[in-house]
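The sequence shown maps to residues 35 to 196 in our numbering. Glycine is no exception: its CB is placed at the ideal position from the N, C-alpha and C atoms. Structure first, commentary second.
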Amino acid sequence: MKRFRKRFWACVLFTALCFVVGGISSLFQASAMREWYPLLEKSPLTPPGVVFPIAWSLLYLCIGIAGGLTVTSDSSLRRPMVRLWMAQLAFNFAWSLLFFTFRNPLLGMLDIVILDILVVLYLVRALRHERPAGWLFVPYLVWLLFATYLNGYVLAANGTGF
Numbered sequence: 035m036k037r038f039r040k041r042f043w044a045c046v047l048f049t050a051l052c053f054v055v056g057g058i059s060s061l062f063q064a065s066a067m068r069e070w071y072p073l074l075e076k077s078p079l080t081p082p083g084v085v086f087p088i089a090w091s092l093l094y095l096c097i098g099i100a101g102g103l104t105v106t107s108d109s110s111l112r113r114p115m116v117r118l119w120m121a122q123l124a125f126n127f128a129w130s131l132l133f134f135t136f137r138n139p140l141l142g143m144l145d146i147v148i149l150d151i152l153v154v155l156y157l158v159r160a161l162r163h164e165r166p167a168g169w170l171f172v173p174y175l176v177w178l179l180f181a182t183y184l185n186g187y188v189l190a191a192n193g194t195g196f
């Protein structure tokens, strides 16, 4: 029971951290979402704006639970996996700043490719050492690969932002 309680609260804490980071990044991107993003040529596969907050809410829930499971894991790779988890969250946050706040699809693309790599590394390790955490990252990876395509399309169609 003690282990369950510890894991539960770790999942709550890590999920809250994800939502705080997401909330802060949305504050930084608000003006670009109004003034810059609507003017860009976007992929025909770009979802309607209402999809993004729903998708990210579900993803932050999965990412947060995975983080909580990882930090309370008995695996010998717990510390490196937590570092990977933290790094992906930092690059996730940085993408919003680079793409929206700095209005720079090229820097956003560089960031999201690194983020893709970090998420794959985390997912592969987690599937070996904390399987549920790994599976929770599968929807995140799928969404990120789609977001990478969308970022690449904006970059190709609109230029670098410099």
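Alpha carbon of residue i to alpha carbon of residue j, nearest angstrom
i           : j           : result
residue 37  : residue 64  : 40 Å
residue 66  : residue 108 : 43 Å
residue 171 : residue 165 : 10 Å
residue 116 : residue 167 : 11 Å
residue 49  : residue 161 : 20 Å
residue 106 : residue 99  : 11 Å
residue 113 : residue 86  : 31 Å
residue 92  : residue 147 : 22 Å
residue 39  : residue 55  : 24 Å
residue 60  : residue 90  : 11 Å
Cβ shell of residue i (< 8 Å), same chain only, five flanking positions each side left out
i           : result
residue 118 : 152, 155, 156, 159
residue 149 : 122, 125, 126, 129, 178
residue 145 : 125, 128, 129, 132, 133
Nonlocal neighbours in the same chain, by C-beta distance under 6 Å from residue i, ignoring five residues either side
i          : result
residue 53 : 94
Residue i in three-state terms, based on DSSP
i           : result
residue 37  : helix
residue 164 : coil
residue 177 : helix
residue 169 : helix
residue 74  : coil
Cβ separation of residue i and residue j, assumed to be a contact under 8 Å, to the nearest whole Å
i           : j           : result
residue 142 : residue 185 : 5 Å
residue 97  : residue 174 : 6 Å
residue 140 : residue 194 : 4 Å
Close beta carbons around residue i, own chain, < 7 Å, minus the five adjacent residues each side
i           : result
residue 74  : 188, 192
residue 103 : 41, 45, 164, 166, 167
Exercise for review: Check whether the region 76 to 91 touches the region 120 to 128, counting contact only when three or more Cβ pairs, one atom from each stretch, lie closer than 8 Å.
Suggested key: The region 76 to 91, when compared against the region 120 to 128, does not touch it at the 8 Å Cβ threshold.
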